[in-house]
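Written out below as structure tokens is the structure these notes cover.
Protein chains in written order, with the numbering used here: chain S, 76 to 384; chain G, 76 to 384.
So this is what it looks like as structure tokens:
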């Protein structure tokens with residue numbers, strides 16, 4: 076089985092785009108037709124109805140974007156919000172995406188110590204036998220606050236299963252600086268985290284350009300992104316903050332190595348709920364929300380095409 | 076409905092102990108009789124059998140410890156490791172504990188930005204209507220790395236629902252220092268996190284001694300614990316690392332305010348798997364594992380009784 080980064084880069088080159096579609100099924104923004112269908116089909120409680128709607132919504136997005144992009148990133152929180160029913164829906168969404176040939180990055184931001192971290196890694200990272208991992212994904216996002224020893228179970232299982240890990244380095248929220256920008260030994264905290272991640276990435280690269288241990292790096296400050304790209308030459312990046320969080324294509328270009336590799340750019344709301352925003356709101360009715368998803372995804376692919384130049 | 080900290084302190088005074096029993100159902104350590112019973116009762120796959128065993132094991136621990144301690148702390152990772160079946164088991168374990176009159180602290184170490192953080196908070200924090208929260212717990216552990224704005228949805232929902240939050244400040248693992256000890260502006264990172272947490276705790280205290288926003292602080296270094304107790308006068312602490320992680324009663328005493336309030340001391344493996352270790356291994360057969368749980372819990376209560384002096 077090829078390594079995570081080999082599989083990912085193959086898909087990126089095949090689809091000719093580093094666009095990553097986030098799956099963020101916020102209930103308040105779901106197309107009314109999806110909610111109505113779930114209410115008809117599901118006789119359960121409020122959480123079960125929501126979970127039914129989330130599964131339907133995400134699987135239909137997957138069907139639209141599978142020919143267009145290399146990967147999807149389900150946001151675990153929204154499924155967890157529906158409780159056990161949401162967990163069932165999430166596992167089906169993950170399976171549906173993998174069957175559609177997409178790389179799946181579970182955005183769960185997990186982190187814990189020792190054998191507890193190992194339990195999380197075991198839950199999320201698929202290997203040769205995807206049945207073995209209940210939420211069988213190709214990669215998982217991980218929080219580094221607990222320390223480098225707590226990253227080890229994740230990176231070890233990732234190596235064993237040819238899976239990937241994206242460790243939070245610099246997030247894209249307004250308050251990211253609170254702790255991540257604190258400076259010690261002439262570097263900000265996120266730069267120290269980046270050093271640890273790059274070491275793990277290099278170890279996982281087997282002499283290739285990139286490893287399977289990556290970093291989440293927001294596109295809020297392009298200079299930071301450029302500096303991190305340079306400081307982490309073996310580290311594949313996952314760049315959120317594109318589209319609705321304010322970043323544009325020019326902001327993310329510094330995150331790429333030559334040839335358009337080494338980074339994925341995520342858009343969630345901008346694609347999921349394209350039917351609600353211009354220019355798609357004028358072009359498509361709410362019932363045609365999948366057409367808006369398709370148009371927004373194609374637009375993102377065009378916007379990002381300059382990374383291959 | 077009384078606030079989280081009022082409910083917690085009432086239980087602590089009622090049971091006369093700050094002992095918190097972690098529920099960490101590691102499969103490899105489960106009593107053989109529990110596994111055999113699950114294999115008989117459950118005709119599903121490996122994950123469903125494990126989830127059945129976890130539910131049985133945790134509910135029986137709850138039945139043993141409910142008369143003895145104020146609170147339990149399910150470790151979410153082990154349930155997540157069993158996938159959707161584990162999520163069902165976890166929700167039942169949480170409900171069972173609450174029905175038994177125990178405070179439930181979900182140890183999930185969640186953290187994300189904006190509306191995603193809100194989704195996690197909504198999933199875990201119960202209020203007047205526990206049906207509304209799928210994994211309806213009294214409190215949740217939260218990771219601060221993403222920044223202070225990402226704590227807001229958690230603390231806001233906690234306030235609305237009279238629930239609690241424990242934010243990771245200083246963890247008890249060997250590598251905790253990697254990032255948590257980095258020094259900037261004359262303070263270590265965990266001390267900066269502590270400042271943010273204390274502010275939130277004070278705001279949530281409504282003029283009382285303690286708020287409902289707490290901190291996870293390992294007992295590895297008693298001097299650190301004493302300094303944090305002083306720096307965070309309104310912050311209830313959750314102190315892991317007691318028992319199997321090496322800490323003893325004298326190590327945790329600095330975490331308490333006068334009268335034995337302001338801290339909970341957690342033991343997970345030391346109680347869950349007491350049947351495997353001395354002196355209980357000699358006194359009880361593996362089938363009598365619940366007696367070992369009871370004896371280890373009672374011993375912990377005795378060990379910690381000095382906090383009330």
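Where is the CB? At the ideal position from N, CA and C, for every residue including glycine.
Inset, instruction - Look up residue 216 of chain G in the DSSP assignment and say whether it is helix, strand or coil. - result: Along the second chain, read from residue 1 onward, the residue named residue 216 of chain G stands at position 141. The answer is strand: DSSP assigns residue 216 of chain G an E or B state.
Legend entry - Straight-line Cα distance separating residue 94 of chain S from residue 137 of chain S: The residue labelled residue 137 of chain S in the question sits at position 62 within the first chain. The residue labelled residue 94 of chain S in the question sits at position 19 within the first chain. Straight-line Cα distance between these residues: approximately 13 Å.
Inset, instruction - Kindly indicate which three-state DSSP category residue 177 of chain G falls into: helix, strand or coil? - result: Here residue 177 of chain G corresponds to residue number 102 of the second chain, with the count starting at 1. The answer is coil: DSSP assigns residue 177 of chain G none of H, G, I, E or B.
Inset, instruction - State yes or no: is the beta carbon of residue 230 of chain S nearer than 8 Å to at least one beta carbon in chain G? - result: Stepping through the first chain from its first residue, residue 230 of chain S is reached at position 155. Output row for residue 230 of chain S: interface = no.
Inset, instruction - Compute the distance between the beta-carbons of residue 379 of chain G and residue 324 of chain G, then report whether it is under 8 Å. - result: For the purposes of this step, residue 379 of chain G is taken as residue 304 along the second chain, with counting starting at 1. For the purposes of this step, residue 324 of chain G is taken as residue 249 along the second chain, with counting starting at 1. For residue 379 of chain G and residue 324 of chain G, yes; Cβs fall inside 8 Å.
Inset, instruction - Report back the beta-carbon spacing between residue 151 of chain G and residue 183 of chain G to the nearest angstrom; my notes put them in contact at under 8 Å. - result: By one-based count along the second chain, residue 151 of chain G stands at place 76. By one-based count along the second chain, residue 183 of chain G stands at place 108. Indeed, because the Cβ distance is near 4 Å, the residues count as touching under 8 Å.
Inset, instruction - Tell me, please, whether the CB atom of residue 283 of chain S is closer than 8 Å to any CB atom in chain G? - result: Position 208 of the first chain, counted from the first residue, corresponds to residue 283 of chain S. Judged by the 8 Å Cβ criterion, residue 283 of chain S is not in contact with chain G.
Inset, instruction - Please classify residue 211 of chain S: is it buried, with 16 or more other beta-carbons within 10 angstroms of its beta-carbon, or exposed? - result: For the purposes of this step, residue 211 of chain S is taken as the residue at position 136 of the first chain. By the neighbour-count rule (16 or more Cβ atoms within 10 Å), residue 211 of chain S is buried.
Legend entry - 8 Å Cβ cutoff met for residue 342 of chain S and residue 375 of chain S: In the first chain, the residue the question calls residue 342 of chain S occupies position 267. In the first chain, the residue the question calls residue 375 of chain S occupies position 300. The answer is yes: Cβ separation under 8 Å.
Inset, instruction - Less than 8 Å between the CB atoms is what I'm expecting for residue 361 of chain G and residue 100 of chain G, so what's the real figure, rounded? - result: By one-based count along the second chain, residue 361 of chain G stands at place 286. By one-based count along the second chain, residue 100 of chain G stands at place 25. No, residue 361 of chain G and residue 100 of chain G are not in contact; Cβ-Cβ is about 15 Å, not under 8 Å.
Legend entry - N- and C-terminal bounds of the beta strand (DSSP E) containing residue 281 of chain G: Numbered from its first residue, the second chain carries residue 281 of chain G at position 206. No beta strand (DSSP E) contains residue 281 of chain G, which DSSP labels as neither H nor E.
Legend entry - Helix, strand or coil at residue 143 of chain G [DSSP, three-state]: Counting from 1 along the second chain, the entry for residue 143 of chain G is found at position 68. Residue state, collapsed to three classes: coil.
Inset, instruction - Output yes or no for whether 8 Å exceeds the beta carbon distance between residue 276 of chain S and residue 286 of chain S. - result: Residue numbering aside, residue 276 of chain S sits at position 201 when the first chain is read from its first letter. Residue numbering aside, residue 286 of chain S sits at position 211 when the first chain is read from its first letter. Yes; because the gap between Cβ atoms is below 8 Å, this pair is in contact.
Inset, instruction - Measuring alpha carbon to alpha carbon, tell me which of G:204, G:217, G:177 and G:349 ends up nearest residue 192 of chain G. - result: Position 117 of the second chain, counted from the first residue, corresponds to residue 192 of chain G. The shortest Cα separation from residue 192 of chain G among G:204, G:217, G:177 and G:349 belongs to G:217.
Legend entry - Same chain, Cβ closer than 6 Å to residue 173 of chain S, five either side skipped, listed in chain order: To locate residue 173 of chain S, count along the first chain from 1; it is residue 98. The residues are 179.
Inset, instruction - Out of G:200, G:331, G:144 and G:373, point me to the one whose CA is closest to residue 298 of chain G's CA. - result: Locating residue 298 of chain G in the second chain gives position 223, counting from the first residue. Of the listed residues, the one whose Cα sits closest to residue 298 of chain G is G:331.
Legend entry - Within-8 Å CB hit, residue 152 of chain G to chain A: Within the model displayed, chain A is absent; protein chains S and G are what it includes.
Inset, instruction - Please look up how many angstroms separate the CB atoms of residue 156 of chain S and residue 197 of chain G, rounded, as I've assumed it's under 8 Å. - result: Position 81 of the first chain, counted from the start, is the residue given in the question as residue 156 of chain S. Position 122 of the second chain, counted from the start, is the residue given in the question as residue 197 of chain G. Residue 156 of chain S to residue 197 of chain G, Cβ: 5 Å. Contact.
Legend entry - Simplified DSSP state of residue 296 of chain S, which is helix, strand or coil: As a working mapping, residue 296 of chain S is identified with position 221 in the first chain. Here residue 296 of chain S sits in coil by DSSP.
Legend entry - chain G contacts from the region 244 to 267 of chain S (Cβ-Cβ distance under 8 Å): 246, 247, 248, 249, 250, 251, 252, 253, 254, 255, 257, 258, 259, 260, 264 and 267
Inset, instruction - Could you confirm whether any beta carbon from chain S is found closer than 8 Å to the beta carbon of residue 156 of chain G? - result: Along the second chain, one-based indexing puts residue 156 of chain G at 81. By this cut-off, residue 156 of chain G is an interface position.
Inset, instruction - Sort out for me which residues DSSP pairs residue 148 of chain S with in a bridge. - result: Looking up residue 148 of chain S in the first chain gives position 73. Its beta-bridge partners are S:97.
Inset, instruction - Measuring alpha carbon to alpha carbon, tell me which of G:228, G:167, G:224 and G:188 ends up nearest residue 205 of chain G. - result: Along the second chain, read from residue 1 onward, the residue named residue 205 of chain G stands at position 130. The shortest C-alpha separation from residue 205 of chain G is found at G:167.
Inset, instruction - Tell me, please, whether the CB atom of residue 118 of chain G is closer than 8 Å to any CB atom in chain S? - result: By 1-based counting over the second chain, the position of residue 118 of chain G is 43. Closer than 8 Å: no.
Legend entry - In DSSP terms, what residue 314 of chain S is bridged to: Taking the first chain and counting its residues from 1, one reaches residue 314 of chain S at position 239. In the DSSP output, where bridge partners are listed per residue, residue 314 of chain S has S:340.
Legend entry - residue 131 of chain G - DSSP class collapsed to helix/strand/coil: Your numbering for residue 131 of chain G matches position 56 in the second chain. Three-state result, residue 131 of chain G: helix.
Inset, instruction - Kindly give me the distance between the Cβ atoms of residue 245 of chain S and residue 251 of chain S, rounded to whole angstroms, as I take these residues to be in contact under 8 Å. - result: As a first step, residue 245 of chain S must be located in the first chain, where it is residue number 170. As a first step, residue 251 of chain S must be located in the first chain, where it is residue number 176. With 8 Å as the limit, residue 245 of chain S and residue 251 of chain S qualify as a contact, their Cβ atoms being about 6 Å apart.
Legend entry - Buried or exposed by the 16-neighbour rule on C-beta atoms within 10 Å, applied to residue 115 of chain G: Walking along the second chain from the start, residue 115 of chain G turns up at place 40. Classification for residue 115 of chain G: exposed.
Legend entry - Integer-rounded CB distance, given that residue 229 of chain S should sit under 8 Å from residue 240 of chain S: As a working mapping, residue 240 of chain S is identified with position 165 in the first chain. As a working mapping, residue 229 of chain S is identified with position 154 in the first chain. The pair is a contact, with the Cβ atoms about 5 Å apart (cut-off 8 Å).
Legend entry - Beta-bridge partners of residue 263 of chain S, as assigned by DSSP: For the purposes of this step, residue 263 of chain S is taken as the residue at position 188 of the first chain. DSSP output for residue 263 of chain S lists S:258 as bridge partner(s).
Legend entry - Residues that residue 225 of chain S contacts on chain G, provided the C-beta gap is smaller than 7 Å: Locating residue 225 of chain S in the first chain gives position 150, counting from the first residue. Chain G residues near residue 225 of chain S: 248 and 250.
Legend entry - Among G:177, G:349 and G:139, the one whose alpha carbon lies nearest that of residue 85 of chain G: Taking the second chain and counting its residues from 1, the one referred to as residue 85 of chain G is at position 10. With distances taken between Cα atoms, residue 85 of chain G lies closest to G:177.
Inset, instruction - Going by CA-CA distance only, name the one from S:202, S:224 and S:112 that's closest to residue 132 of chain S. - result: For the purposes of this step, residue 132 of chain S is taken as the residue at position 57 of the first chain. Here the closest residue by C-alpha is S:112.
Legend entry - residue 160 of chain S and residue 119 of chain S closer than 8 Å at C-beta: To locate residue 160 of chain S, count along the first chain from 1; it is residue 85. To locate residue 119 of chain S, count along the first chain from 1; it is residue 44. For residue 160 of chain S and residue 119 of chain S, yes; Cβs fall inside 8 Å.
Inset, instruction - Mind checking the region 324 to 358 of chain G against chain S and listing, in chain order, the residues whose C-beta falls within less than 8 Å of any C-beta there? - result: none
Legend entry - Rounded separation between residue 315 of chain S and residue 153 of chain S - CA only: Position 240 of the first chain holds residue 315 of chain S. Position 78 of the first chain holds residue 153 of chain S. Looking at the two C-alpha atoms, the distance is approximately 17 Å.
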